[in-house]
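Numbering (the UniProt record's numbering), first residue to last: 1 to 294. Cβ coordinates follow ideal geometry from the N, Cα and C atoms, glycine included.
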Amino acid sequence: MIFSKKVEHFIVISELGSFKAAAERIHVTPPALSKSISDLEDSLGYRLFNRSNSGINLTKEGDLFYRQLLPVRERLENITKLVTKNTKFFRELKIGTDAYNDSFYKIIFSNSIKKGINLLCMQHSYTEFKNKLLSEELDFFISSCPKYVDSFERIACFALMNDSCMLISAHNVNDKYEDIMELIVEEDLVAHSSMLSHPILEKTIQHRRMANTRARVHIFPDFSHVIEYLAAGKGYSFSCSSFMNFEISRHIPLATRPLFLNQPAEVSYIYYLKRKEDELRHFIQLIKECHNVP
1 MIFSKKVEHF IVISELGSFK AAAERIHVTP PALSKSISDL EDSLGYRLFN RSNSGINLTK
61 EGDLFYRQLL PVRERLENIT KLVTKNTKFF RELKIGTDAY NDSFYKIIFS NSIKKGINLL
121 CMQHSYTEFK NKLLSEELDF FISSCPKYVD SFERIACFAL MNDSCMLISA HNVNDKYEDI
181 MELIVEEDLV AHSSMLSHPI LEKTIQHRRM ANTRARVHIF PDFSHVIEYL AAGKGYSFSC
241 SSFMNFEISR HIPLATRPLF LNQPAEVSYI YYLKRKEDEL RHFIQLIKEC HNVP
């Protein structure tokens, strides 16, 4: 960044919404950071932040100052990229998700995306992703939650349709039932913790309650534990076709069944920093290609 340190400090605080978090991010003490902002406010002649016991927020003048800085920062970063484009190469791509959905599996199992880079995958909550992108701890974030719209237009996104979920179980469990609804009621439900808010899981649990089943619900934080449980011939779970195609079928033979629970079409949103769009353009195209989107 070519801005003065005081302006850099202001931008980081604005994006993280916290003096403490900003101090940790840029490795300065909170008192030094407060003095930096105080000096900047004195130079500008107006307050940048409102401070209260509940936290901080930008003043009207601070909000305007921040919005004016964004295109300046973007232009400076584009100049830097032009100067260094022949020497800077991607060695690492950092992808986060709040749930292991169909789009996530398609991306991490795509050979064209993984070629020549170290692909780092991590799980973060939906509430964290904005700050993770702004601090460049992530290059992309994938979520099936409702679309986030950034009022400052710093974060861009595009939508991709996910393949439908399917029921998975051991073959002996699947073969016991002609009616999938009977299977859903009578057998234990085994789910990964990332599916807790998924509409399919909610509909399934609701149906089981109406049927007054005695079968249990097991939630595991590790997907491998779900698969091990199913492989032992117990219960059923849900997965997307891309995970089945790329992983499970290679190692553990499981039966699959389409679901008929009026599941809505699921959309994933792929988020990234707008100012990094040129830098990420190659990977954006590869992500669309692995979803068969031109």
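Rounded to whole angstroms, what is the Cα-Cα separation between residue i and residue j?
{"i": "residue 281", "j": "residue 231", "result": "41 Å"}
{"i": "residue 295", "j": "residue 203", "result": "For the chain, the structure presents residues 1 to 294; residue 295 sits outside this window and is missing."}
{"i": "residue 156", "j": "residue 131", "result": "14 Å"}
{"i": "residue 258", "j": "residue 136", "result": "39 Å"}
{"i": "residue 209", "j": "residue 28", "result": "54 Å"}
{"i": "residue 83", "j": "residue 40", "result": "The pLDDT assigned to residue 83 is 49, lower than 50, so where the model puts this residue is not dependable, and the model offers no usable value."}
{"i": "residue 201", "j": "residue 293", "result": "28 Å"}
{"i": "residue 26", "j": "residue 198", "result": "37 Å"}
{"i": "residue 215", "j": "residue 227", "result": "18 Å"}
{"i": "residue 212", "j": "residue 167", "result": "21 Å"}
Cβ atoms of residue j and residue i: under 9 Å apart, would you say?
{"i": "residue 56", "j": "residue 13", "result": "yes"}
{"i": "residue 270", "j": "residue 140", "result": "yes"}
{"i": "residue 154", "j": "residue 273", "result": "yes"}
{"i": "residue 266", "j": "residue 235", "result": "no"}
{"i": "residue 32", "j": "residue 169", "result": "no"}
{"i": "residue 150", "j": "residue 123", "result": "no"}
Counting only the same chain and skipping the five closest in sequence on each side, list residues whose C-beta sits under 7 Å from that of residue i.
{"i": "residue 92", "result": "117, 118 and 120"}
In or out: residue i buried (at least 16 other Cβ within 10 Å) or exposed?
{"i": "residue 158", "result": "exposed"}
{"i": "residue 175", "result": "exposed"}
{"i": "residue 152", "result": "exposed"}
{"i": "residue 102", "result": "buried"}
{"i": "residue 53", "result": "exposed"}
{"i": "residue 224", "result": "exposed"}
{"i": "residue 192", "result": "buried"}
Excluding the 5 residues preceding and the 5 following residue i in the sequence, name in chain order all residues of the same chain whose CB lies nearer than 8 Å to its CB.
{"i": "residue 113", "result": "93, 107, 119, 283, 286, 287 and 290"}
{"i": "residue 196", "result": "219"}
By Cβ distance below 6 Å, which residues in the same chain neighbour residue i in space, the five residues on each side in sequence not counted?
{"i": "residue 279", "result": "none"}
Problem set entry | Every unbroken beta strand (DSSP E) inside the segment 159-238 [3 residues or more] | 165-169, 189-192 and 217-220
Exercise. What runs of the alpha helix (DSSP H), each 4 residues or longer, lie entirely inside the segment 23-78?
Worked result: 30-44
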